[in-house]
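Undergrad: Note that the protein sequences, when read in sequence, are chains C and H. Per the UniProt record's numbering, the first sequence starts with residue 1, numbered consecutively. Per the UniProt record's numbering, the second sequence starts with residue 1, numbered consecutively. What follows is a structure written as structure tokens; I'll ask about it next.
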Amino acid sequence: MIYAVWLPLLVPLLAAPLARRGAESLPPRAAAWALTCLALALALSSTAALTLLALDGALRLPFVAALGHLSPNLLGDGSPATAPAAVLAAVALVGLGALVLHRARRHVRELRAVHGQLADHASAGDLTVRQDDGPDAYALPGRPGRIVVTTGMLRALSAPEREVLFAHERAHLAGRHHVFLAAAEFAAALHPALRGLRAPLSYALERWADECAARVTGDRALTARAVGRAALAVSAAGPRPRPRLSLTATAGPVPRRVTALLAPAPTIARTHHLFPRALAALLLACVALSATAALEAATDLHAGIETAQGESAGHGFGDAYGDGDGDGDGDGN
Amino acid sequence: MPEGQIDESGDGRADRRPAGELEAGVLAALWAADGPLTPGAVQLELGGGLARTTVTTILTRLHAKGVVSRARSGRGYAYAPVQDSHGLTARRMHAELDKDEDRRTVLARFVSDLSPEDEELLRALLEGEPGAADDTR
Numbered sequence: 001m002i003y004a005v006w007l008p009l010l011v012p013l014l015a016a017p018l019a020r021r022g023a024e025s026l027p028p029r030a031a032a033w034a035l036t037c038l039a040l041a042l043a044l045s046s047t048a049a050l051t052l053l054a055l056d057g058a059l060r061l062p063f064v065a066a067l068g069h070l071s072p073n074l075l076g077d078g079s080p081a082t083a084p085a086a087v088l089a090a091v092a093l094v095g096l097g098a099l100v101l102h103r104a105r106r107h108v109r110e111l112r113a114v115h116g117q118l119a120d121h122a123s124a125g126d127l128t129v130r131q132d133d134g135p136d137a138y139a140l141p142g143r144p145g146r147i148v149v150t151t152g153m154l155r156a157l158s159a160p161e162r163e164v165l166f167a168h169e170r171a172h173l174a175g176r177h178h179v180f181l182a183a184a185e186f187a188a189a190l191h192p193a194l195r196g197l198r199a200p201l202s203y204a205l206e207r208w209a210d211e212c213a214a215r216v217t218g219d220r221a222l223t224a225r226a227v228g229r230a231a232l233a234v235s236a237a238g239p240r241p242r243p244r245l246s247l248t249a250t251a252g253p254v255p256r257r258v259t260a261l262l263a264p265a266p267t268i269a270r271t272h273h274l275f276p277r278a279l280a281a282l283l284l285a286c287v288a289l290s291a292t293a294a295l296e297a298a299t300d301l302h303a304g305i306e307t308a309q310g311e312s313a314g315h316g317f318g319d320a321y322g323d324g325d326g327d328g329d330g331d332g333n
Numbered sequence: 001m002p003e004g005q006i007d008e009s010g011d012g013r014a015d016r017r018p019a020g021e022l023e024a025g026v027l028a029a030l031w032a033a034d035g036p037l038t039p040g041a042v043q044l045e046l047g048g049g050l051a052r053t054t055v056t057t058i059l060t061r062l063h064a065k066g067v068v069s070r071a072r073s074g075r076g077y078a079y080a081p082v083q084d085s086h087g088l089t090a091r092r093m094h095a096e097l098d099k100d101e102d103r104r105t106v107l108a109r110f111v112s113d114l115s116p117e118d119e120e121l122l123r124a125l126l127e128g129e130p131g132a133a134d135d136t137r
């Protein structure tokens, strides 16, 4: 197997920190799209690389070779690392597959649970009110999607601030932001280095919804106040029972959102600066490198299989062993 | 824009929004209030963007759905949200769900938790808001 096959596995280690920097200099909507597409492209490339590594090893197993009507010897001996790499890749693939399935099932189960427990709560239009003094609000995706707000949150905000909250949550539902989050979660399950993209993505999605709310209400300062006051109300009600290990030392997401709303609306003009452009080019290069390397490795493996197949089909077994050895070595290296 | 014009035409900016959004706003106002509200009080609470007739229609619809209850008040009715008996159970279930850190992958929350530094920063931002807004314009 050629060395290119390892690149898609390593690129995310470099690309993820770069993307975190890059997302900050993009408008929220563009940042959300960029982060999601990047995470998916890198995750799929690295999974393809694992598959190729495992296949390369599997083809050397006599029964797999027989199944594909090819002669194992013609694939070449490969490097000494072929067998252990293939075993590791196969184990990783099985593990990742199980993880993705497990996450997807839990995701669906949790959504059903939340929908179920809201079934008999007071609803009007797209709003469901949950009786709870603890201030909380979220968009619940589904058909139809719902805005869930506790009575504690409704009481903490004024009427115009509540409209900001509703507009924000409606933007999440209309923009199908949960699909972005699920895609990033899927990518993070496939490559651990991509986990770091989830936090900047969820920040970009919140900012995106904030900007929508500011546009709907036509008042950026009001939107900033609603976000800030909601967060302070949650804070005053005491910590949530959910464990939170990732408390940042620097400013958390909410003060950054409020600061962004107090500034003028973000425009694409900001991306004309040199730094974000260079960063974007670098990230595109990372994706291209990953995809090309995976493709290159696939082509290489395919060529090896063609050789092994063609020779064994064209000649008798004795001939294939005798004549084709040199060719197979050259291609399969 | 004079109030009367909105009342007669029923065509104010807020009135043209989808019915579901208006219902949501009215129900939220009732929950946020300390006691039952008359249509006039709801209209006042919502900032006068809605015509009184629209508010009354929405309240009647919510009452028909069983989401709000009403009692005679003067010449009309005062409306209050119907308390749900399952509130406590739901809260307990919610707490159970909250234990799972990964729920953030399912739900996009309006606001995330604040660290003590965040809280301080946020208070400063909101207090200095008019100044901060002017600086950046």
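Beta carbons: idealized from backbone N, C-alpha and C, even for Gly.
Tell me the rounded alpha-carbon separation between residue 305 of chain C and residue 64 of chain C.
TA: Start at 1 with the first residue of the first sequence, and residue 305 of chain C comes out as number 305. Start at 1 with the first residue of the first sequence, and residue 64 of chain C comes out as number 64. One C-alpha to the other measures close to 12 Å.
Undergrad: Please tell me whether residue 102 of chain C has its Cβ less than 8 Å away from any Cβ of chain H.
TA: For the purposes of this step, residue 102 of chain C is taken as residue 102 along the first sequence, with counting starting at 1. So, not an interface residue.
Undergrad: Starting from the beta carbon of residue 168 of chain H, find every residue of chain C whose beta carbon is closer than 8 Å, and list them in chain order.
TA: The first residue shown for chain H is 1 and the last is 137, placing residue 168 of chain H beyond what the model contains.
Undergrad: So, helix, strand or coil for residue 146 of chain C, using DSSP?
TA: Locating residue 146 of chain C in the first sequence gives position 146, counting from the first residue. Correct three-state label for residue 146 of chain C: strand.
Undergrad: How about residue 35 of chain H: is its C-beta nearer than 8 Å to some C-beta of chain C?
TA: Indexing the second sequence from 1 puts residue 35 of chain H at position 35. Residue contact check for residue 35 of chain H against chain C: no CB pair falls below 8 Å.
Undergrad: Measuring only the C-alpha atoms, how far is residue 303 of chain C from residue 115 of chain H?
TA: Walking along the first sequence from the start, residue 303 of chain C turns up at place 303. Walking along the second sequence from the start, residue 115 of chain H turns up at place 115. The straight-line gap from Cα to Cα measures roughly 56 Å.
Undergrad: Just checking my contact of residue 85 of chain C with residue 53 of chain C at CB under 8 Å: how many whole Å lie between their CB atoms?
TA: Residue numbering aside, residue 85 of chain C sits at position 85 when the first sequence is read from its first letter. Residue numbering aside, residue 53 of chain C sits at position 53 when the first sequence is read from its first letter. Indeed they touch by this definition, with Cβ atoms about 5 Å apart.
Undergrad: May I have the straight-line CA-CA distance separating residue 38 of chain C from residue 21 of chain C, to the nearest angstrom?
TA: Along the first sequence, one-based indexing puts residue 38 of chain C at 38. Along the first sequence, one-based indexing puts residue 21 of chain C at 21. The alpha-carbon atoms of residue 38 of chain C and residue 21 of chain C are separated by roughly 13 Å.
Undergrad: With burial defined as no fewer than 16 other Cβ atoms inside 10 Å of the residue's Cβ, what is the status of residue 129 of chain C: buried or exposed?
TA: What you label residue 129 of chain C is simply residue 129 of the first sequence in a count that begins at 1. By the neighbour-count rule (16 or more Cβ atoms within 10 Å), residue 129 of chain C is buried.
Undergrad: What is the rounded straight-line gap between the Cα of residue 24 of chain C and the Cα of residue 202 of chain C?
TA: If you number the first sequence from 1, residue 24 of chain C lands on position 24. If you number the first sequence from 1, residue 202 of chain C lands on position 202. One C-alpha to the other measures close to 12 Å.
Undergrad: Distance check for residue 307 of chain C and residue 89 of chain C, CA to CA, integer angstroms please.
TA: Taking the first residue of the first sequence as position 1, residue 89 of chain C is located at position 89. Taking the first residue of the first sequence as position 1, residue 307 of chain C is located at position 307. Looking at the two C-alpha atoms, the distance is approximately 24 Å.
Undergrad: Expressed to the nearest angstrom, what Euclidean distance is found between the alpha-carbon atoms of residue 135 of chain C and residue 33 of chain C?
TA: Sequence index remark: in the first sequence, residue 135 of chain C carries index 135 (1-based). Sequence index remark: in the first sequence, residue 33 of chain C carries index 33 (1-based). So the two alpha carbons sit approximately 30 Å from each other.
Undergrad: Determine whether the Cβ of residue 161 of chain C lies closer than 8 Å to any Cβ atom of chain H.
TA: For this step, residue 161 of chain C is matched to residue 161 along the first sequence. No, residue 161 of chain C lies away from the interface with chain H (no Cβ there is under 8 Å from its Cβ).
Undergrad: Which of the three DSSP states is assigned to residue 25 of chain C in this structure?
TA: On the first sequence, residue 25 of chain C is found 25 positions in, with the first residue counted as 1. Three-state DSSP puts residue 25 of chain C in coil, outside helix and strand.
Undergrad: Quick one: using the 10 Å Cβ neighbour count with 16 as the cut-off for buried, is residue 72 of chain H buried or exposed?
TA: On the second sequence, position 72 is the one that residue 72 of chain H refers to. Classified as exposed, residue 72 of chain H has fewer than 16 neighbouring CB atoms from the shown chains inside 10 Å of its CB.
Undergrad: Which runs of the alpha helix (DSSP H), 4 residues or longer, sit entirely within the UniProt domain "Peptidase M48" (117-183) of chain C?
TA: 151-156, 159-174
Undergrad: Tell me which same chain residues have a C-beta within less than 8 Å of the C-beta of residue 133 of chain C, skipping the five on either side of it?
TA: Translated into positions along the first sequence, residue 133 of chain C becomes position 133. Contacts found: 150, 151, 152, 237.
Undergrad: Going by beta-carbon coordinates alone, are residue 221 of chain C and residue 258 of chain C separated by less than 8 Å?
TA: Residue 221 of chain C sits at position 221 when you count from the first residue of the first sequence. Residue 258 of chain C sits at position 258 when you count from the first residue of the first sequence. No, these two residues do not count as a Cβ contact at 8 Å.
Undergrad: How about residue 189 of chain C and residue 111 of chain C: do their beta carbons lie closer than 8 Å?
TA: Residue mapping note: residue 189 of chain C aligns to position 189 of the first sequence, counting from 1. Residue mapping note: residue 111 of chain C aligns to position 111 of the first sequence, counting from 1. It is not a contact, given that the beta carbons lie outside the stated cut-off.
Undergrad: Short check: CB of residue 118 of chain H to CB of residue 200 of chain C, under 8 Å?
TA: In the second sequence, residue 118 of chain H corresponds to position 118, counting from 1. In the first sequence, residue 200 of chain C corresponds to position 200, counting from 1. Contact flag unset, no.
Undergrad: Applying a beta-carbon distance threshold of less than 7 Å, which residues of chain H neighbour residue 338 of chain C?
TA: Here chain C comprises residues numbered 1 to 333, so residue 338 of chain C is not present and cannot be evaluated.
Undergrad: Between C/50, C/28, C/30, which has its C-alpha nearest residue 4 of chain C's C-alpha?
TA: Along the first sequence, one-based indexing puts residue 4 of chain C at 4. Residue C/50 is the option with its Cα nearest to residue 4 of chain C.
Undergrad: Counting contacts by CB-CB distance shorter than 8 Å, is residue 16 of chain C in contact with chain H?
TA: The residue given as residue 16 of chain C occupies position 16 in the first sequence. With 8 Å as the cut-off, residue 16 of chain C does not count as an interface residue toward chain H.
Undergrad: Check whether chain C comes within 8 Å of residue 40 of chain H, counting only Cβ atoms and requiring the distance to be less than that.
TA: As a working mapping, residue 40 of chain H is identified with position 40 in the second sequence. No - not a single Cβ of chain C is within 8 Å of the one on residue 40 of chain H.
Undergrad: If distances are taken between C-alpha atoms only, which option among C/7, C/6, C/40 comes closest to residue 19 of chain C?
TA: What you label residue 19 of chain C is simply residue 19 of the first sequence in a count that begins at 1. Of the listed residues, the one whose Cα sits closest to residue 19 of chain C is C/40.
Undergrad: Could you tell me whether any non-hydrogen atom of the ligand HEM is closer than 7 Å to the CB of residue 117 of chain H?
TA: With respect to the ligand HEM, the structure shown offers nothing to examine, as it has no ligands at all.
Undergrad: Counting only C-beta atoms, is residue 259 of chain C closer than 8 Å to chain B at any point?
TA: No chain B appears in the structure shown, which is made up of the protein chains C and H.
Undergrad: Using a Cβ-Cβ cut-off of 6 Å (strictly less than) and excluding sequence neighbours within five positions of residue 80 of chain H, which residues of its own chain qualify?
TA: The residue given as residue 80 of chain H occupies position 80 in the second sequence. Once the five neighbours on either side are set aside, the close Cβ partners of residue 80 of chain H are 36, 69.
Undergrad: Quick check on residue 47 of chain H: does DSSP put it in helix, strand or coil?
TA: Position 47 of the second sequence, counted from the first residue, corresponds to residue 47 of chain H. Of the three classes helix, strand and coil, the one that applies to residue 47 of chain H here is coil, per DSSP.
Undergrad: Name, please, each residue of chain H whose Cβ falls closer than 9 Å to the Cβ of residue 211 of chain C.
TA: Taking the first sequence and counting its residues from 1, the one referred to as residue 211 of chain C is at position 211. Here the premise fails: no neighbours, minimum Cβ distance about 15 Å.
Undergrad: Can you tell me the Cβ-Cβ gap for residue 42 of chain H and residue 55 of chain H, rounded? I've got them flagged as a contact below 8 Å.
TA: Locating residue 42 of chain H in the second sequence gives position 42, counting from the first residue. Locating residue 55 of chain H in the second sequence gives position 55, counting from the first residue. So it is a contact: roughly 5 Å between Cβ atoms.
Undergrad: Can you tell me whether DSSP reads residue 68 of chain C as helix, strand or coil?
TA: Position 68 of the first sequence, counted from the start, is the residue given in the question as residue 68 of chain C. Coil, per DSSP.
Undergrad: In angstroms with no decimal places, state the Cα-to-Cα distance between residue 46 of chain C and residue 172 of chain C.
TA: Against the first sequence, residue 46 of chain C aligns to sequence position 46. Against the first sequence, residue 172 of chain C aligns to sequence position 172. About 30 Å.
Undergrad: Which of helix, strand or coil does DSSP assign to residue 122 of chain H?
TA: As a working mapping, residue 122 of chain H is identified with position 122 in the second sequence. Residue 122 of chain H carries a helical assignment under DSSP once its states are collapsed to helix, strand and coil.
Undergrad: What is the rounded straight-line gap between the Cα of residue 61 of chain C and the Cα of residue 145 of chain C?
TA: As a position in the first sequence, residue 61 of chain C is number 61, starting the count at 1. As a position in the first sequence, residue 145 of chain C is number 145, starting the count at 1. Taking the straight line joining both Cα atoms gives about 50 Å.
Undergrad: State the DSSP-derived secondary structure class of residue 69 of chain H, mapped to helix, strand or coil.
TA: Here the question's residue 69 of chain H lines up with position 69 in the second sequence. Residue state, collapsed to three classes: strand.
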